[in-house]
Amino acid sequence: MSKIKAVLFDLGNTLFKLGREEDWDWVAIHKEALEKIGLNIDEERLQQAILGIPKKILTEKGVLYGEIYHFHKGILKRILESVGCKDVTNGKLHAATMSAREVISSLQSLNDDALPCLERLTEKGLRLGVISNSEGLTIIDCERM
Numbered sequence: 000m001s002k003i004k005a006v007l008f009d010l011g012n013t014l015f016k017l018g019r020e021e022d023w024d025w026v027a028i029h030k031e032a033l034e035k036i037g038l039n040i041d042e043e044r045l046q047q048a049i050l051g052i053p054k055k056i057l058t059e060k061g062v063l064y065g066e067i068y069h070f071h072k073g074i075l076k077r078i079l080e081s082v083g084c085k086d087v088t089n090g091k092l093h094a095a096t097m098s099a100r101e102v103i104s105s106l107q108s109l110n111d112d113a114l115p116c117l118e119r120l121t122e123k124g125l126r127l128g129v130i131s132n133s134e135g136l137t138i139i140d141c142e143r144m
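Letter by letter, the sequence shown follows residues 0 to 144 in numbering that gives the first Met the number 0.
Now the structure itself:
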């Protein structure tokens, strides 16, 4: 009889390919997200706006759970103001933030071997658990997958 009764998995980059944020094409992500809500911003202007955000803000620590929404919303506000968008309303910022999150979610996927591995462990009678420090919407997206 096995002494192992349960196995815990980390969510990000263990069960799911969440990717490394530093590898993402932030200009393409935001261009697609903004186009989805009707804002067509020249790629070069968008790149300059993103490059103009102080690194200290982009590498802010402790951005977890609901805070990441407000963090990303603040980043988008800076981008839109930098490219000269008028009428940057709370509603427009919310739509842009949610659109960007949808684009980012589309970059994430279940690892190929995750389900077969979980099924084998379950068949052996082991309890399974998932732990994560990912923020809430990422966890919800992963549960859907």
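Ideal placement from N, C-alpha and C gives every residue a C-beta, glycine not left out. The model shown is predicted, which means the values in this text are computed figures rather than measured ones.
Kindly identify the DSSP beta-bridge partner or partners of residue i.
i, result
"D9", "I130"
"L109", "F15"
I need the boundaries of the alpha helix (DSSP H) containing residue i, first residue and last residue.
i, result
"K30", "W25 to K35"
"L50", "E42 to L50"
I need the straight-line Cα distance from residue i to residue j, nearest angstrom please.
i, j, result
"N110", "R119", "15 angstroms"
"L63", "F70", "Its pLDDT being 49, under 50, L63 is placed unreliably in this model, and the coordinates cannot settle the point."
"K2", "Q107", "34 angstroms"
"V82", "G11", "33 angstroms"
"K114", "I130", "Rather than Lys, the amino acid found at residue 114 in this sequence is Leu. Roughly 16 angstroms separates the two Cα atoms."
Which word fits residue i, buried or exposed, when buried means at least 16 other C-beta atoms lie within 10 angstroms of its C-beta?
i, result
"R100", "buried"
"A5", "exposed"
"W23", "exposed"
"S105", "exposed"
"F15", "buried"
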